[in-house]
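Trainee: Just dropping this structure here.
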Amino acid sequence: MAELSRLPGIGDKSAERLALHLLRVPKEEALSLARAIEDVRANVKACSQCFNVSEQDPCALCSDATRDRSTICVVEQPSDLWAIEKSGAYRGLYHVLTGRIAPADGVGPEHLTVSRLVERAARDGVREVILATNPTLEGDGTALHVRHQLESRGVTVTRIARGLPSGGTLQHASRTVVADAIGGRRALAQGGAQP
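Using our numbering, read the sequence shown as starting at 2 and increasing by one per residue.
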């Protein structure tokens, strides 16, 4: 229970339930989980190009010749990459920063993969870098730092849109979300549909 409670999002009660579950399942099922954890630690590593986690290097996304190589979407963590990839809305390449600038936590630009992104953009003739850092104080600060590093290199730097989610209501949104929605407004296409 002590080891399980060290996992993110797992409190004491959840750790207790998981530990009791592992004791109830057949021995082979519990050992299968242990082998899977061991296998992940032994075989999964960061892609040398985009820093996504993968069993191969370069990863499947960087190796995919059908992807748009002129565009790189920058995210904080692999989980952010997976969320965008699941949407099916983006077919370019990615770059994982492996975190965000957070001075209070002792994380500066030198702890991230920003310099590797700048080298990659220059070397590979990238035309656009999409900043998809999280809309937090640290995420916005990280986005500004990355933009500053890329500004003089002739790369167009864009930021993902923010604002009200589809199905959301103004009355339940925070002031920041409403401000982002107003600031990021765009023209309606013919017939009223979004462009």
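The C-beta atom is built at its ideal place from N, Cα and C for all residues, glycine as well.
As the structure is a prediction and not an experimental result, all values here were calculated from the model.
With a floor of 4 residues, list each alpha helix (DSSP H) that falls wholly inside the segment 4–43, ordered by position along the chain.
Mentor: Runs found: 13–25.
Trainee: Assign V45 to buried or exposed, taking buried as 16 or more other Cβ atoms, counted over all protein chains shown, within 10 Å of its Cβ.
Mentor: Per the 10 Å Cβ criterion, exposed.
Trainee: With burial defined as no fewer than 16 other Cβ atoms inside 10 Å of the residue's Cβ, what is the status of L138: buried or exposed?
Mentor: L138 should be labelled exposed.
Trainee: Start and end of the beta strand (DSSP E) containing G140?
Mentor: Per DSSP, G140 belongs to no beta strand (DSSP E); it is in the alpha helix (DSSP H), 138–151.
Trainee: So, at 7 Å on beta carbons, what are the nonlocal neighbours of A133 in its own chain, with the 5 sequence-adjacent residues on each side left out?
Mentor: Counting only Cβ-Cβ distances below 7 Å, and skipping sequence neighbours, we find C74, V75, V76, D81, I85, I161.
Trainee: Please list the terminal residues of the continuous beta strand (DSSP E) segment that includes D69.
Mentor: First-last of the beta strand (DSSP E) with D69: 69–76.
Trainee: How far does the beta strand (DSSP E) with I131 in it reach, from first residue to last?
Mentor: Where I131 is concerned, the enclosing beta strand (DSSP E) stretches over 129–132.
Trainee: Rounded to whole angstroms, how far is the Cβ of V115 from the Cβ of V147, which I believe are closer than 8 Å?
Mentor: That belief holds up - the Cβ atoms of V115 and V147 are roughly 6 Å apart, short of 8 Å.
Trainee: Within 10 angstroms of its Cβ, does V97 collect 16 or more other Cβ (buried), or is it exposed?
Mentor: V97 should be labelled buried.
Trainee: By the three-class DSSP mapping on this structure, what secondary structure does G93 have?
Mentor: Reduced to three states, the DSSP call for G93 is strand.
Trainee: Where do the ends of the alpha helix (DSSP H) carrying T177 lie?
Mentor: T177 -> alpha helix (DSSP H) spans 176–184.
Trainee: Rounded to a whole number of angstroms, what is the C-alpha to C-alpha distance between G164 and N135?
Mentor: Each residue's Cα considered, the two are about 12 Å apart.
Trainee: Helix, strand or coil, according to DSSP, for V115 in the structure here?
Mentor: Three-state result, V115: helix.
Trainee: Here's the rule I'm using: 16 or more other beta-carbon atoms within 10 Å means buried, otherwise exposed. How should L24 be labelled?
Mentor: L24 is exposed by the Cβ-count criterion.
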